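Enquirer:
There are 2 protein chains.
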Amino acid sequence: MGGVLAGMRVVEGSAFVAVPLAGMTLAQMGADVIRFDRPQGGLDAHRWPVTREGASLFWAGMNKGKRSLAVDMSRPEGQEIVTALICAPGPDAGMFLTNLRARGWMDYPALKAQREDLIMVSLTGTRRGEPAVDYTVNPSLGFPMATGAEGSTEPVAHVLPAWDCIAGGMVVNALLAAERHRLRTGRGQLAELSLKDVAAAMMANLGIVGEVLANGVDRPKAGNALYGAYGQDFLLACGTRVMVVGLTDRQWRGLVKVLDMQEAMAGLSQRLGLDLRAEGNRWAARKEITAAFAPWFAARTLAEVAPLFDAAGLTWSVFRSFAGAVREDSDLTTDNPMMAMVHQPGIGTLPVPGSPVSFSDLERMGPVAAPVLGQHTEEILGDLLGLGSGQIGRLMDAGVVAQGIRPAVRAA
Amino acid sequence: MGGVLAGMRVVEGSAFVAVPLAGMTLAQMGADVIRFDRPQGGLDAHRWPVTREGASLFWAGMNKGKRSLAVDMSRPEGQEIVTALICAPGPDAGMFLTNLRARGWMDYPALKAQREDLIMVSLTGTRRGEPAVDYTVNPSLGFPMATGAEGSTEPVAHVLPAWDCIAGGMVVNALLAAERHRLRTGRGQLAELSLKDVAAAMMANLGIVGEVLANGVDRPKAGNALYGAYGQDFLLACGTRVMVVGLTDRQWRGLVKVLDMQEAMAGLSQRLGLDLRAEGNRWAARKEITAAFAPWFAARTLAEVAPLFDAAGLTWSVFRSFAGAVREDSDLTTDNPMMAMVHQPGIGTLPVPGSPVSFSDLERMGPVAAPVLGQHTEEILGDLLGLGSGQIGRLMDAGVVAQGIRPAVRAA
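These protein sequence lines map, in sequence, to chains Z and L. The first sequence begins at 1 in the numbering used here and counts up by one. The second sequence begins at 1001 in the numbering used here and counts up by one.
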């Protein structure tokens, strides 16, 4: 039943994407992850998308399988509770993830004074501690100006909070690496990273900084073409759009063969003086290649091309809308062992993913619903902090903590 | 000197983004990561971006700080060398990351027979083992149809290989989690994930699957607007475009105050009957808000607005091209402690990032150049596999392995 991280306990003080995702990633591998929020909910309590009734599908998505403590951190008693929870004893505890602004009582030195070997991972917007979100990091580094139709000068931001998702993975990396270090040395530490640095590093890792400096050029917008090799979208006779990829030599040869374009490509190669076996030459000749391929696609329907492409093992896909994907893609349904139908209080019953990773030594953990805000307040105060029911009752009456009540389930 | 993962040894058989990025993430935290490739280079040896001379800036970016073994895996002796390396003894070894198609000799059962507690992380395209890349996963799940100008029906793919980058982080998560499990139980295992599942899970985690099912609607394209709250791009008088964000209440109030739009927003709120303190109402009123704000921006230059925005602590950014970011953004220069000037053989000297994470118990590791293909073949065969120089010489003569020679550094 336990996951690969069974026994590990992590406390999370967070909002929005990266740190909540990090905590959930750990929870979905079996860690006991406790997220604390103020009783009225964190900054992301109502983050879109929401249901028509205003329940946050985002919050439910990003906090699955965690326990929730509702506590007023503006009160000294609330700060003491959170500190005690973060610094609780035990070799598998004493780990804290946060992207909240570290105030005096919640910064690393203050917490370390309570538990010397604490591991804390802190994500900020920029390395200087300024606020930043995906929507600002992305334009500042140039991605929207390289996205969209060739020839356009309008910036196009991507809708996926990609930097946040990447940073969330980094937060998990840092925590697990620091815990490994603590197991060997007994020493805890503060691991710090920023959303902007994660993005800046990735931009350089992908060769984009080098491309500017070594070649002295800006990458132009190139629509949906696969950069630096061949890959293009085509409209079929049935109106469906497909993406086909000729990145590797095998993919390229497979594509040309299925389209029966060997002679056409040989002629094109000769005419342009470009050996199309070299991926960069396919990029240079992409418009001519696309012009040669387009009539083939325009004359066929998806029902005709799909079996041909699949039989040949091509790398390709259809373009769908989100709703089309939910309707048609079995990877988003319970056909996929990653997914299960889960009742999410206040929202309904939906196909919900667990961890994308399956571990052969362990049963795959099914997805677990997100908690209601404060759902586990009593059990956390009682079982983990050893408070008696009288103490807990007084804290509740005083509004220092709150117990959440699960709303009724409605049909989706 | 050593990083947080000092002592750990990981073998990587990979190409392209996700698994190379995973290996590099480990190397940049101090692990000894050995990537093996065939002597002519892997499928990504020439991946774009490239220099004018054809050196892959991508490969150099994704393999920093690793050791490189060049070995012909089509030969039985080559397979024996790779197997011995993956299954080498030691509590901190016996870890293998791959996205290569598992052939008989390199699949988990065959390797496990050589080392019972092997940890192997295997990334495939889809959960069925089909090929998939970011360029195909993304259209299949609907992101390009939700990206781009409002009203447009053209799909716009993002240019960042976001799913690959997210999957790379997951590969690291899985490895570190499995190693933690092995330390406690003595048991190794196979961790499996697919690029498509990583993307499908994230789509659901972000609430997008729930949005389709609960609300029965497809999210429309909304240009560069921040979904579900307020955030918009504006053109300044100087021609610079900026993004401003009013996601949280604090951000929204700060923005309205700096623009001196309190009365205008109160009037708009009344006229529309929408309390703009609720983030969803800001989304509903975004066009009216943008219309009210636009003249303010159109009348001012960046030199005027930047100090105002920074003084107020707003969440905002300018839009740059890649070249503009490299030129103007100090986070991409050695002003940033994450970055250092590094000589990359065959490319030149460039600002190069190390890990975005700094660990307080350890000195920050500086970035290390990527190896030349096969640069460490001799030392790996000698030091790790205990082969004598005669044996190594014979393997080289037979073409089973190859030693790389670092090319001269040219000026960038």
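All C-beta atoms, glycine included, are put in the ideal place defined by N, C-alpha and C. Please read these numbers as outputs of a predicted model, since none were measured by experiment.
Along chain L, which residues have their Cβ under 8 angstroms away from the Cβ of residue 166 (chain Z)?
Expert: Translated into the one-based positions of the first sequence, residue 166 (chain Z) becomes position 166. The contacting residues are 1162, 1165, 1166, 1169.
Enquirer: Quick one: is residue 131 (chain Z) near chain C, going by C-beta distance under 8 angstroms?
Expert: Structure shown: chain C not included; protein chains present are Z and L.
Enquirer: Using only the alpha-carbon positions, how far apart do residue 1313 (chain L) and residue 125 (chain Z) sit?
Expert: The residue you call residue 1313 (chain L) lines up with position 313 of the second sequence. The residue you call residue 125 (chain Z) lines up with position 125 of the first sequence. Each residue's Cα considered, the two are about 12 angstroms apart.
Enquirer: Note down, in chain order, every chain L residue with its Cβ under 8 angstroms from the Cβ of residue 371 (chain Z).
Expert: The residue given as residue 371 (chain Z) occupies position 371 in the first sequence. Chain L residues near residue 371 (chain Z): none, gap ~15 angstroms exceeds 8 angstroms.
Enquirer: So, is the C-beta of residue 1398 (chain L) closer than 8 angstroms to a C-beta in chain Z?
Expert: In the second sequence, residue 1398 (chain L) corresponds to position 398, counting from 1. So no, residue 1398 (chain L) is outside the interface.
Enquirer: Could you tell me whether any Cβ in chain Z is nearer than 8 angstroms to the Cβ of residue 1173 (chain L)?
Expert: Position 173 of the second sequence, counted from the start, is the residue given in the question as residue 1173 (chain L). So yes, residue 1173 (chain L) belongs to the interface.
Enquirer: Is there a Cβ from chain L that is less than 8 angstroms from the Cβ of residue 135 (chain Z)?
Expert: Position 135 of the first sequence, counted from the first residue, corresponds to residue 135 (chain Z). With 8 angstroms as the cut-off, residue 135 (chain Z) counts as an interface residue toward chain L.
Enquirer: Listed in chain order, which residues of the region 259-292 of chain Z have Cβ atoms closer than 9 angstroms to some Cβ of chain L?
Expert: 278, 279, 280, 283
Enquirer: With 7 angstroms as the limit, tell me which residues of the region 1347-1377 of chain L have their beta carbon closer than that to any beta carbon of chain Z; keep them in chain order.
Expert: 1347, 1348, 1350, 1351, 1352, 1353, 1356, 1357, 1358, 1359, 1360, 1361
Enquirer: In chain Z, which residues lie with their C-beta within 7 angstroms of the C-beta of residue 1319 (chain L)?
Expert: As a working mapping, residue 1319 (chain L) is identified with position 319 in the second sequence. Under the 7 angstroms cutoff, chain Z gives 139, 144, 145, 155.
Enquirer: Residues of the region 1040-1053 of chain L in Cβ contact with chain Z at a cutoff of 7 angstroms, in chain order, please.
Expert: Cβ contacts with chain Z come from 1043, 1046, 1047, 1048, 1049, 1050, 1051, 1052.
Enquirer: Grouping DSSP H, G and I as helix and E and B as strand, with all else coil, what is residue 1123 (chain L)?
Expert: Here residue 1123 (chain L) corresponds to residue number 123 of the second sequence, with the count starting at 1. If DSSP states are grouped into helix, strand and coil, residue 1123 (chain L) belongs with the strands.
Enquirer: State buried or exposed for residue 341 (chain Z), treating a residue as buried only when at least 16 other CB atoms are found within 10 Å of its CB.
Expert: Within the first sequence, residue 341 (chain Z) is the residue found at index 341, counting from 1. Answer is exposed; the Cβ neighbour count stays below 16.
Enquirer: Could you have a look at residue 202 (chain Z) and say whether DSSP puts it in helix, strand or coil?
Expert: Residue 202 (chain Z) sits at position 202 when you count from the first residue of the first sequence. Of the three classes helix, strand and coil, the one that applies to residue 202 (chain Z) here is helix, per DSSP.
Enquirer: Consult DSSP for residue 1316 (chain L) and reduce its assignment to one of helix, strand or coil.
Expert: For this step, residue 1316 (chain L) is matched to residue 316 along the second sequence. Here residue 1316 (chain L) sits in strand by DSSP.
Enquirer: Measuring alpha carbon to alpha carbon, tell me which of Z:37, Z:31, Z:28, Z:354 ends up nearest residue 13 (chain Z).
Expert: Position 13 of the first sequence, counting from 1, holds the residue named residue 13 (chain Z). When only C-alpha atoms are compared, the closest one is Z:37.
Enquirer: If you draw a straight line from the alpha carbon of residue 1077 (chain L) to that of residue 1387 (chain L), how long is it in whole angstroms?
Expert: Counted from its first residue, the second sequence places residue 1077 (chain L) at position 77. Counted from its first residue, the second sequence places residue 1387 (chain L) at position 387. Taking the straight line from one Cα to the other gives about 13 angstroms.
Enquirer: What are the boundary residues of the alpha helix (DSSP H) that residue 230 (chain Z) is part of?
Expert: Counted from its first residue, the first sequence places residue 230 (chain Z) at position 230. First-last for residue 230 (chain Z): 230-235, but that is the beta strand (DSSP E), not the alpha helix (DSSP H).
Enquirer: At 4 residues or longer, and completely inside the region 61-137 of chain Z: list those alpha helix (DSSP H) runs for me, N to C.
Expert: 76-86, 108-112
Enquirer: Run through DSSP, which three-state label would residue 1400 (chain L) get?
Expert: On the second sequence, residue 1400 (chain L) is found 400 positions in, with the first residue counted as 1. In the structure shown, residue 1400 (chain L) sits in coil (DSSP, three-state: anything other than H, G, I, E or B).
Enquirer: If you compare alpha carbons, which of Z:89, Z:196, Z:180 is closest to residue 141 (chain Z)?
Expert: Along the first sequence, read from residue 1 onward, the residue named residue 141 (chain Z) stands at position 141. Closest option to residue 141 (chain Z), Cα to Cα, is Z:196.
Enquirer: The alpha helix (DSSP H) that contains residue 13 (chain Z), what's its start and end?
Expert: Start at 1 with the first residue of the first sequence, and residue 13 (chain Z) comes out as number 13. Careful: residue 13 (chain Z) lies outside any alpha helix (DSSP H), inside the beta strand (DSSP E) at 9-13.
Enquirer: Just list the beta strand (DSSP E) runs in the region 224-285 of chain Z, keeping only unbroken ones of 3 residues or longer that don't cross its boundaries, in chain order.
Expert: Within the region 224-285 of chain Z, the complete beta strand (DSSP E) runs of at least 3 residues are 230-235, 241-246.
Enquirer: To the nearest angstrom, report how far apart residue 34 (chain Z) and residue 230 (chain Z) are at their CA atoms.
Expert: Mapped onto the first sequence, residue 34 (chain Z) falls at position 34. Mapped onto the first sequence, residue 230 (chain Z) falls at position 230. Those two C-alpha atoms are separated by around 46 angstroms.
Enquirer: So, is residue 417 (chain Z) buried or exposed, given that buried needs 16 or more other C-beta atoms within 10 angstroms?
Expert: A question about residue 417 (chain Z) goes unanswered here, because the residues of chain Z that appear run from 1 up to 412.
Enquirer: Contact between the region 396-407 of chain Z and the region 1072-1089 of chain L is defined here as three or more beta-carbon pairs at a separation below 8 angstroms; is this criterion met?
Expert: no
Enquirer: For the candidate residues Z:100, Z:169, Z:3, whose alpha-carbon lies nearest to that of residue 23 (chain Z)?
Expert: Walking along the first sequence from the start, residue 23 (chain Z) turns up at place 23. In this structure, Z:169 is the residue among Z:100, Z:169, Z:3 with its C-alpha nearest to the C-alpha of residue 23 (chain Z).
Enquirer: Note the first and the last residue of the continuous beta strand (DSSP E) segment covering residue 1349 (chain L).
Expert: Within the second sequence, the letter at position 349 stands for residue 1349 (chain L). Segment 1348-1353, the beta strand (DSSP E) holding residue 1349 (chain L).
Enquirer: Does residue 1153 (chain L) pass the burial test, meaning 16 or more other C-beta atoms within 10 Å, or should it be called exposed?
Expert: The residue labelled residue 1153 (chain L) in the question sits at position 153 within the second sequence. Exposed, since its Cβ has fewer than 16 Cβ neighbours within 10 Å.
Enquirer: Are the C-beta of residue 1230 (chain L) and some C-beta of chain Z separated by less than 8 angstroms?
Expert: Locating residue 1230 (chain L) in the second sequence gives position 230, counting from the first residue. Not an interface residue.
Enquirer: Determine the extent of the alpha helix (DSSP H) in which residue 35 (chain Z) is found, giving its start and end residues.
Expert: For the purposes of this step, residue 35 (chain Z) is taken as the residue at position 35 of the first sequence. No alpha helix (DSSP H) contains residue 35 (chain Z), which is instead part of the beta strand (DSSP E) from 32-37.
Enquirer: Please say whether residue 1204 (chain L) and residue 352 (chain Z) have beta carbons closer to each other than 8 angstroms?
Expert: As a working note, residue 352 (chain Z) is residue 352 in the first sequence. As a working note, residue 1204 (chain L) is residue 204 in the second sequence. It is a contact, given that the beta carbons lie within the stated cut-off.
Enquirer: Got a sec? Which residues, its chain only, sit under 7 angstroms from residue 1392 (chain L) by beta carbon, not counting five neighbours each side?
Expert: Within the second sequence, the letter at position 392 stands for residue 1392 (chain L). These residues qualify, in order along the chain: 1378, 1381, 1382.
Enquirer: Under the three-state reduction of DSSP, which class applies to residue 1360 (chain L): helix, strand or coil?
Expert: In the second sequence, the residue the question calls residue 1360 (chain L) occupies position 360. Residue 1360 (chain L) falls in the coil class under three-state DSSP.
Enquirer: Could you spell out where the beta strand (DSSP E) holding residue 1342 (chain L) opens and where it closes?
Expert: Mapped onto the second sequence, residue 1342 (chain L) falls at position 342. 1339-1344 is the extent of the beta strand (DSSP E) around residue 1342 (chain L).
Enquirer: Figure out for me which residue from L:1004, L:1015, L:1058 has the closest Cα to the Cα of residue 228 (chain Z).
Expert: In the first sequence, the residue the question calls residue 228 (chain Z) occupies position 228. If we check each option's Cα against that of residue 228 (chain Z), L:1058 comes out closest.
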